[in-house]
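Chains as they are written, first to last, in the working numbering: chain A, 15 to 370; chain B, 45 to 864.
Worksheet: the structure to be examined is printed underneath.
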C-alpha cells in the first residue's frame, strides 16, 4: 500500500478513536467517505493514474474503503452503545419509592355471607325473597301464630313506630325475617323455595346482642316436603357453608309458634379451640321446623294440600363462627381497621365452582 | 326450671345415669341449661372422730388433737372452744378448698405442733352463719365418710329451659313424666292423702270475674306454723328458694313439684268470711313481694269485706299472709285464664313462679287432688284439722281429642314409625286411646297438655274470600292437632328426631335457574363496582340520633321510634349518607382521617312498604395521606364518578343522562347535583356535603357523598346488542375553545357540540377550563376536542370546515358561546 493510503488509514483510525460523540463521528465519516471525502476523492482520481498502476491502486483503494467503512461502522456501534448507557444511567429510578396507592375496597362480611347463602341455597333451587324492614304486626306476629298477648310483642323485645293516621295495625321494626314468609305465601302459589336474608331488629343491646342484626329465613312449601327434607336441606347447607364435609349436625325438639314440630339445630365443634366440626361439643346454630298448619291457613294456603318447612339463622352468628370473629359489635361500627381485616375482595364473589 | 336429681327421683323410678337423663332432656325439647353438683364444693372434707383433745403445749387457746380419719390417726391443731375428746367432726384434709374463703388446706405446724387438717365450722363450709365452734356431728355419724355424702349434698342440681308451650314441664312431675315417656324409668304414682275432713269450711269463695273460672279452698285449723323441717328447707334451698315458714314453704314446694301454684291465707285475717274474685277498682294493697299493687278493672282482684287483699295468679297480699302466729290457714287452689294472668303480671311487672305457671296454663283436672295433697302436707308439717272443700265456679272444659293418621308420620314427619310404637309413645305421655283403626288413632288429650289440639284461633289474611277462609280453616283444624301428635311421637320415639333420615331436597334439574331477581343482581353488581372503586362496604344501623337525621332532611314523627333502646338510636335514617357520616367521624376520631365508605341498604321516607327503598350511598372524606407524587383530595366530581361508574355498570344509557343542580339540602348548594334520566326520574344525587352539616358531625377535611336510587334505575332491555361501529377510516380531531358566561354548565356546551352533526361527530371531550385575567370578568373558556368519524371516505378540508361551522353555531345558539 502506498504511503498516502497508509497515512489516510491511520489518520482516519486515530480521529475515529478520538471521536467522543456521534456528531464528531459523523464529521469523520463524511470527511472520508462522503461525496467529497478523502477516500471518495482518491477513487475519483483513479482514472488519472497510470494504466499499469491503476489495477494495483484500485485494488488497494477498495481494500482501504472496506477497512475504513468497517472501522466507521464499528465506532458507530460503540458510540451508540455508550450513548444508550449514559441515558440509562441518567434515567435511573429509585424503584424502592412507594407508588401511588391504589385504593383497595372491600365487601362487608355480612354481605359475603348473604352471597354464600344465596349461592348454596340457590343450587338447591331456592330464590331470594325480600320485604320491608318496617312491617305491620300482623305480618310480623299474628299471621305467624304469635297472638296479641304473646310476650314477644312486649315493648321490651319489639321496636314500634307510631301508627299512621287511621290505620289499626301497629307498625313494628320486623323482629325476624319471617314476615317475608307471609308475603311470599300471599303472593305466590306453591310449590316454592325461598330464602330471605335481611335486617332484623330487637330491643336488646349488650356484648352479644345488637338492636339491629341480620337473619336468613328459609321457606320451602310443596306437596311432599317432609321433615326429612328439612334435615337434608340444612345438613347439605351447613356442610358446604362451613366447608366440613362430615360436619356433625344434631336436631333436637324445641318450640316456635310458627312451626310444628320445631327443632333447634346444633353443629359439632370444639368449645376450647372453636374448631367447627372438631371436638365433642354442640353449638346451637339455627331454629327450624315444619310450617305450622295455622300459619299456612292464615296465609290462604290449605294445609291439607301443601306442607313444608321453615328455618331461620343469624347471619352474624354463622359469620363469626366461620371466620373466627370474636365480637358482634364491630360489625356495625364501620371501623376501617376492622373492615380491612375481615372484609372480602369484591373481585372474588361467592361462586360455587370456586368454592364458597 | 331447676330441680335436683333426688327431687326428680321422688317422681321417677329410674336407674339411668345423670348423663343419660340430661342428654334425654335436651333431645326431647327440655333443653339442659346446666348441671351443678354442690358436692364438688366439699371435696376433701370428711367425717372424723376426735380421739383425744389435749391442751396445746405452747398456746393457751389452742388444742392439740389426735383425730381418727377412718384410715389413720392424724394430728390437728384446733382453736375452737368446743373441740373435745370424743367429738364427731367435719375434717378438711390437705388440698381441700374451704368453701367460705377459698383457702387451700396444707399440712403445717402451729407453734411447734404438727397440724394435718382442719376441723370446720358451719360458716367455713358455707352452710350457715354459725362460727362459735366446729360442727358437732351426732354420735352415730360414721367415721371417714365423705362429708357431701354424709350430709346428702351429693345431689346434682339440673337446670332446664322450658319452652313457652310446655307449662306442664314447669314441674318436677312434668319433667319426670316426659322422661318416663322417653324411656328413662317409670313415673311413680301420686300419694293418696289420709286425712279426714272434719267440718264445713268457715271461709267461702265467690267468683265474679271471668279470669277465675274455678276455685277450691280448704281451711286447716289448729295449725302450728314455724320453720319447715330440714328436708323441705333443703329442697327449696337446693334450687335457690328461701325457706320462710312451713305454710309458705309448702306452697312453694307444690309450685315446683307439681306445677301447681297455691296460695295460703291466714284464715283469721280474712274479713267477712268470703273471698271474692272481682275486677279491681283502683284499690291498692301491700303485696307479699314488698310492693304496693293498685288493681285495675282488667285485673282479677281477690277481696274480702275489708277490700282487695290479693291479685289472682300474680301476687298475694301482706294483710292476709301467713306468719308464725297463724293458727288457721285457708288454702287456695284455683284455675285462672292464662292470658289474663300474663297481661296482669306484665302490667304490674311481677315475675313470680306462680304467674309463670298460670300463664302457661295449669292442669285443671289435678285441682281436687292437689288440694288434698296440700292439705295433707299442711297437717303433716303443722298439725291441725281440715275442713271440707269450699268451691266456686266449675271445672273448665279441657277435654279434647286429636287424630293421627299413621301414614302421616312418614309423609309429614319423615319417619315411618310403626303404629303400635306411635300409640305407645302417646300413652306413655298420658294420652288415652278413644278410637283406633288400621289407618289412624284418635286420642284423648291429657288435662295437663293444653298445648296439644289447643284450638287457638286463626288470624287469617283479611283479603281471603269467605270460601278460601272456610277451606283453610277446616284444613288447619284437621292438620294442627295431627301435627301436635306427630311432634310428640317424633320427640319420644327411639332415637328421637335424630332417627328421621335426612333427605336432600329433590331438584328440578341438575343446574338450577337464577336465584336472584334482576333488582337483587343489580344491588350485587353495584356493591362490587363501589368496592372495586376503593370504597369499604359498611353496615350501619337503620336508626340514628333524631337531631342528626334532621340535618339530612326530614325526621318525621311517624319514623320516630316509640321505644328506642337508646336516645341516640331513635329515628329511622332518611339516607345512609347520614349514618356513613357518623361512621366516618368515628374513624376520624380514631385517627383515620381519610375514608371511603359505602353502604347498600334501606332508607326510610315513610313506614309504608313503598317508603323504604334500598339505596346505595357513599362517602369520601378527609385529606388523603400525603404522597411524594402528590395526593388528590376528594371532590364533588369524584362522587359523581362513583355514581356514573355504578350507572354504567347497571346498563343505564349514559348519553341520555342529564345533571341538574337541585340536590337535597344537606349537600353544598354550589357543589352538588342530581343525575336524571329524562325530566322526572332522579337516579342519584351527589356532591360535597354542606359545610354546616360536616361541621355539626365533626368531619374534618373535604367530604363528598352520593346516593344512588337503585330502585329508580330501569331494567336494561334484554335485547341482543346491535353490531358494533368499527369505521375503517382514521378519525379526525379538532379543538375549539369557547368563551361563555361563567354560569353556563359545561355539559350544555358538550351537548350542543355533540348534537351539531350526529352522523359525523363520534365524541366530544372537555380538556380545559379557564377563567382569569385573559378573559372578561364573568366569562370562562371551555376547550373541547371533537372527534369526527368519517365512514364512506376521507373528509375533505371543506367538509371539516362545514362541520366546524355547525359546531360553532350550535354552541353559540345553545349557550351563547363565542369561539375564542
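Every residue, glycine too, gets a C-beta built ideally from N, C-alpha and C.
Asked                                                                                                                                                                                   : Found
Assuming the contact rule is C-beta atoms closer than 8 Å, residue 46 of chain A and residue 53 of chain A should be a hit. Round their C-beta distance to whole Å, please.             : 5 Å
Using CA coordinates, which residue listed in A:271, A:174, A:199 and A:216 is at the minimum distance from residue 601 of chain B?                                                     : A:174
In terms of residues, what are the limits of the alpha helix (DSSP H) holding residue 852 of chain B?                                                                                   : 841-859
If you run the structure through DSSP and keep just helix, strand and coil, what is residue 155 of chain A?                                                                             : coil
Is residue 815 of chain B helix, strand or coil when you go by DSSP?                                                                                                                    : coil
Taking beta-carbon pairs under 7 Å, can you tell me which members of the segment 191-210 of chain A lie near chain B?                                                                   : 200
Just to confirm, are residue 832 of chain B and residue 810 of chain B a CB contact at a threshold of 7 Å?                                                                              : no
Taking 7 Å as the threshold (C-beta atoms), are residue 202 of chain A and residue 152 of chain A in contact?                                                                           : no
Does the beta carbon of residue 635 of chain B sit closer than 7 Å to a beta carbon anywhere in chain A?                                                                                : no
Quick check: the Cα distance between residue 74 of chain B and residue 118 of chain A, rounded to an integer number of angstroms?                                                       : 50 Å
Grab me the residues of residue 537 of chain B's own chain with a C-beta within less than 8 Å of its C-beta, minus the 5 sequence neighbours each way, in chain order.                  : 459, 461, 465, 466, 469 and 543
On the DSSP letters alone, give me the boundaries of the beta strand (DSSP E) that residue 304 of chain A sits inside.                                                                  : 295-305
Excluding sequence positions up to five away, which residues of its chain have a Cβ less than 6 Å from the Cβ of residue 333 of chain A?                                                : 123 and 127
Is the Cβ-Cβ distance between residue 788 of chain B and residue 718 of chain B less than 7 Å?                                                                                          : no
Between B:388, B:372 and B:314, which lies nearest to residue 341 of chain B when the distance is taken from Cα to Cα?                                                                  : B:388
Which of the three DSSP states is assigned to residue 213 of chain A in this structure?                                                                                                 : strand
Return the bridge partner residues of residue 245 of chain A from the DSSP annotation.                                                                                                  : According to DSSP, residue 245 of chain A bridges with nothing at all.
Is there at least one Cβ from chain B nearer than 7 Å to residue 114 of chain A's Cβ?                                                                                                   : yes
To the nearest angstrom, how far is the alpha carbon of residue 169 of chain B from that of residue 62 of chain B?                                                                      : 25 Å
Using the Cβ count rule (16 or more neighbours within 10 Å means buried), how would you classify residue 479 of chain B?                                                                : exposed
Taking only runs that begin and end inside the segment 397-455 of chain B, name each unbroken beta strand (DSSP E) of 3 or more residues, in chain order.                               : 434-437 and 445-449
Would you please verify whether the beta carbon of residue 615 of chain B is less than 7 Å from any beta carbon of chain A?                                                             : no
Hey, could you find the ends of the alpha helix (DSSP H) residue 364 of chain A is sitting in?                                                                                          : Element bounds for residue 364 of chain A: n/a, residue is neither H nor E.
What are the uninterrupted segments assigned as beta strand (DSSP E) that are 3 or more residues long and contained completely in the segment 277-317 of chain B, given in chain order? : 307-310
Can you tell me whether residue 320 of chain A is helix, strand or coil according to DSSP?                                                                                              : coil
Using the Cβ count rule (16 or more neighbours within 10 Å means buried), how would you classify residue 671 of chain B?                                                                : exposed
So, with DSSP's three-state summary, where would you put residue 672 of chain B?                                                                                                        : coil
Checking contacts by CB at 7 Å: is residue 870 of chain B closer than that to chain A?                                                                                                  : The displayed coordinates of chain B run from 45 to 864. Any statement about residue 870 of chain B would go beyond what the structure contains.
For residue 165 of chain A, which option in B:660, B:393 and B:793 has the closest C-alpha, if you only look at C-alpha atoms?                                                          : B:393
If residue 429 of chain B sits next to residue 266 of chain B, beta carbons under 8 Å apart, how far is it from one beta carbon to the other, in whole angstroms?                       : 5 Å
Name the chain C residues whose beta carbon is nearer than 8 Å to that of residue 585 of chain B?                                                                                       : The structure shown has no chain C; the protein chains it does contain are A and B.
Taking Cβ positions only, does residue 667 of chain B come closer than 7 Å to chain A?                                                                                                  : no
How about residue 625 of chain B and residue 741 of chain B: do their beta carbons lie closer than 7 Å?                                                                                 : yes
Out of curiosity, what's the CA-to-CA distance linking residue 359 of chain B and residue 329 of chain B?                                                                               : 11 Å
On the DSSP letters alone, give me the boundaries of the beta strand (DSSP E) that residue 494 of chain B sits inside.                                                                  : Element bounds for residue 494 of chain B: n/a, residue is neither H nor E.
Taking the beta carbon of residue 231 of chain A as the centre, do at least 16 other beta carbons fall within 10 Å, making it buried, or is it exposed?                                 : buried
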